[in-house]
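Which chain is which? The protein sequence lines are A and B, in order. For the first sequence, the numbering used here gives the first residue as 4, with consecutive numbering after it. For the second sequence, the numbering used here gives the first residue as 321, with consecutive numbering after it. Please read the structure below before turning to the comments.
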Amino acid sequence: MSLIHRLAKLRESEERGILFTGVEGSAVGAKVLVLESGETIGEGLDDAVAQFDELIRRGRNKLLTLDDGTKVFAEWYGPPPRLFVYGAVDTAEAMCRGARLLGWHTIVADARGKFATTERIPSAGELIVEWPAEAIAQVQPDHQTAIVVLTHDDKFDEPALIGALETEAFYIGALGSRRNQERRRERLLEAGVDESALERIMGPCGLDIGADTQEETALSILAEILAVRGQREGGFLKDARKRIHVEVE
Amino acid sequence: MKEILSEIDSWKADGEKVVVATVVATRRSAPRPIGASLAISESGKMCGSVSGGCVESDVFENAQEVLETGAPKMLSYGIEDDLAWSVGLPCGGEIDVFLERVE
C-alpha cells in the first residue's frame, strides 16, 4: 500500500502518528511514518524517530534539527483533541458549543441522569450517565484529552479530579471559588493525592477575561485549555515577546 | 499535507505525477503555519496553499522541475528590497518550502 494511501486512511481510522521527512542534509527525501500503535512504514531517520513519544504528545508539527545538522520535518497526524466535561451543568453545554467550533470531540458525563440529557446538553458529542470513576474508565482520557470538572459538588468533583490525575490528560480544570479550591486541595491531600500532582489542576480554571455569563466562562476556560496546549501564558498578543503562531519556536 | 491527502490520493490513482510543497519553517510572522501544503499535478491541478497567494505561482514554476526530475528541492521566501514587488511575503516574514514528488 502506498504511503499516501495509508496516510489518507489514518484520517478515517483516527489513529495518531507522525510522518518524518528528511528535508535538508544527509537524508533529503527519506520518509518514515510511525503510528502510535507501533506500526512503522519506511526506515531511517532514527534520531528523529527516537523523539516520537515527545512529538506525539505535543500534538503539533515540528521541524527537527538533528546533531549532524540534518533537518527532518515531523508532521503530526491524528484526530482533534477531546474535551471531557464532568458535570452536566449549563456551562458544560456552552463549553461543548465552543469546543465544536474548534472542531473538537466533546463528551459530558454526570451521575445524575436528570442532568445529563440531550435536551439540556444538545451540543455534547457523547453523554454518559455514570459516577466519575466509571465515566473516566469509559472515556479513557489520554494525552490529547482536556478534562474539566464542573459539578460544584465535592462528592462528584473530588473523585473526578482524583480519577483525572491518574490519566495523561493534557489539561485538568476545576471551577470553584478560591476558598473552595483551598478546601478541595486539603481534602485531596487527605485522600492521598500527591502534592506535586495537584499542581496539574487548573483551579479556578479559565483565563482572567472578566467572564460573567456561562458562555463567557466557557470561552475563558477553552482559551486557557488552548494556552496550556500551546504552552503559552494567555496574555495580550501586543505584550507578548514570543512569536504569535504557536508552532513557531 | 494532511488537509489535501484525499486529492493527492485520487490524482495518483489517476496515474498523475504529483508534487507536494510543504511549509517546513517560518521566521517572524508568516501567513500559513508549518505543515501547510500545496499539491501540484502533472496536468496542472492545484490544491491547498503555502502562503496567502504570495508565492504560489513561483512554487508552481519550481514544481515543474521536481515533477520532471523527482529530485526534492527547498525554496526560501522572504521580503527583500528587490523582491518586494515580485515574489515575497508582504507580512515581512520568511518561509521555507520543501518540494518533493509523491512516490
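Note that beta-carbon positions come from the ideal geometry of N, C-alpha and C, so glycine has one too.
Counting C-beta pairs with one atom in each stretch, the region 68-76 of chain A and the region 33-51 of chain A have three or more that are closer than 8 Å, which means they touch. Take the alpha-carbon of residue 377/B and the one of residue 343/B: they are about 15 Å apart.
By the neighbour-count definition (other C-beta atoms within 10 Å, threshold 16), residue 243/A is an exposed residue. Rounded to whole angstroms, the separation of the alpha carbons of residue 150/A and residue 130/A is 14 Å. DSSP, read as helix, strand or coil, puts residue 321/B in coil. Under the Cβ distance rule, residue 332/B counts among the residues neighbouring chain A, one pair being separated by less than 8 Å. Under the Cβ criterion of 8 Å, residue 8/A is counted among the residues facing chain B. Pairing residue 323/B with residue 368/B gives a Cβ-Cβ distance under 8 Å. Taking the CA atoms as reference points, residue 352/B sits about 13 Å from residue 321/B. Residue pairing of residue 394/B in beta bridges, as defined by DSSP: 418/B.
Interface flag for residue 66/A against chain B is set, since a Cβ pair is found closer than 8 Å.
Excluding residues up to 5 positions away in sequence, 416 lie with their Cβ nearer than 6 Å to the Cβ of residue 345/B in the same chain.
Distance from the CA of residue 200/A to the CA of residue 338/B, rounded to the nearest whole angstrom, comes to 49 Å.
Below 8 Å, too few C-beta pairs join the region 95-109 of chain A and the region 25-39 of chain A to call them touching: fewer than three. Annotation for residue 151/A: the continuous beta strand (DSSP E) segment containing it runs 148-152. Approximately 6 Å separates the beta-carbon atoms of residue 340/B and residue 420/B; this is inside 8 Å, confirming the contact.
Going by DSSP, residue 347/B is part of no alpha helix (DSSP H) but of the beta strand (DSSP E) stretching over 338-347. Flagged as an interface residue toward chain A: residue 325/B, by a C-beta distance shorter than 8 Å. With respect to residue 97/A, residue 111/A sits apart: the two C-beta atoms are not nearer than 8 Å. Contact check for residue 38/A against residue 20/A passes: the beta carbons are separated by less than 8 Å. In terms of CA proximity to residue 172/A, 146/A leads the group 146/A, 92/A, 226/A, 93/A. For residue 355/B, the C-beta contacts it makes with chain A under 7 Å involve 64, 78, in order along the chain.
In the displayed model, residue 212/A falls within coil according to three-state DSSP, outside both helix and strand. Residues of chain A whose Cβ lies closer than 7 Å to the Cβ of residue 328/B are, in chain order, 7. Per DSSP, reduced to three states, the secondary structure at residue 117/A is coil, with no helix or strand assignment.
Residue 163/A sits away from residue 206/A, with the two beta carbons spaced by 8 Å or more. In the three-state scheme derived from DSSP, where H, G and I count as helix and E and B as strand, residue 175/A is classed as strand. Taking a Cβ-Cβ threshold of 7 Å, the residues of chain B close to residue 31/A are 392, in chain order.
Close CB contacts of residue 336/B within its chain, under the 7 Å cut and outside five residues either way in sequence, are with 361, 362, 363 (chain order).
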